[in-house]
Amino acid sequence: MSQISPEFQVLCDQARSRVQEITIQELNRRISETDEALTILDVREDYEWDEGRIFGAVHCGRGLLEFMINKLLPDTSVNIVVYCRSGNRSLLAADRLKQLGYTHVVSLQGGITAWAEAGYAVDGEVLDDERQLAMLKSE
Numbered sequence: 001m002s003q004i005s006p007e008f009q010v011l012c013d014q015a016r017s018r019v020q021e022i023t024i025q026e027l028n029r030r031i032s033e034t035d036e037a038l039t040i041l042d043v044r045e046d047y048e049w050d051e052g053r054i055f056g057a058v059h060c061g062r063g064l065l066e067f068m069i070n071k072l073l074p075d076t077s078v079n080i081v082v083y084c085r086s087g088n089r090s091l092l093a094a095d096r097l098k099q100l101g102y103t104h105v106v107s108l109q110g111g112i113t114a115w116a117e118a119g120y121a122v123d124g125e126v127l128d129d130e131r132q133l134a135m136l137k138s139e
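Residue numbering for the sequence shown follows the numbering used here, starting at 1 and increasing by one per position.
Have a look at this one:
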C-alpha cells in the first residue's frame with residue numbers, strides 16, 4: 001500500500017506547494033487545548049471509515065467530495081483539517097477544497113496511521129497494510 005506511482009507523487013507534491021500541512025501533535029493540541037471551532041474531515045473510503053476514525057470527525061469520501069461538500073459544510077470559512085490514511089489523499093482533497101472556495105483548510109501529515117501510532121484516540125481501529133489490501137481485493 002505504500003507504493004505510489006511517480007505520477008501520483010507529482011500530484012501530491014504540487015498540492016503540498018499550495019496546502020498547509022499540520023502535524024498530529026498540532027491537531028491534538030488544537031482539539032484538547034483550544035476552544036477553536038474545528039471540523040475534522042475524513043476523506044477515506046467508506047470501508048476505512050467504518051473500521052475506525054478520529055473521534056469527532058465527519059466523513060466524505062474523496063470520490064464524492066466535489067458533489068457533497070457544500071451539503072456537509074456549506075460555510076466556506078470553517079476551519080477544516082482534512083485527513084486520510086497516510087496524508088496523500090488528504091492533500092489532494094484539501095487542495096480541491098481550496099479551489100472550491102474553502103479558505104481555512106489544512107491537511108494532516110501522516111494521516112490517521114500516524115495519529116494512531118502516536119497513541120492518540122481512535123474510534124475503532126486503523127487498518128494495517130495487509131488488511132487494507134485484503135479488503136480492496138475482496139471488493
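Note that the Cβ used here is the ideal one computed from N, Cα and C, for glycine as well.
Note that this is a predicted model, so its numbers are computed, not measured.
Alpha-carbon spacing of residue i relative to residue j, whole angstroms
i: Ala114; j: Arg85; result: 8 Å
i: Arg62; j: Arg89; result: 7 Å
i: Ala37; j: Ser107; result: 16 Å
i: Gln9; j: Leu27; result: 24 Å
i: Asp123; j: Glu45; result: 16 Å
i: Ser5; j: Val126; result: 23 Å
DSSP bridge partner residues for residue i (one or two, in chain order)
i: Asn79; result: His104
i: Gly124; result: Gly52
i: Val10; result: According to DSSP, which records beta bridges pairwise, Val10 is partnered with nothing at all.
The alpha helix (DSSP H) enclosing residue i, as first and last residue numbers
i: Gly111; result: 111-117
i: Arg96; result: 88-99
Secondary structure, beta strand (DSSP E): runs of 3+ residues fully inside the region 12-50: 20-22, 39-42
Cβ contact (3+ pairs, closer than 8 Å) linking the region 117-126 and the region 63-79: no
Stretch pair the region 9-20 + the region 52-66: three plus CB contacts closer than 8 Å: No, the region 9-20 does not touch the region 52-66.
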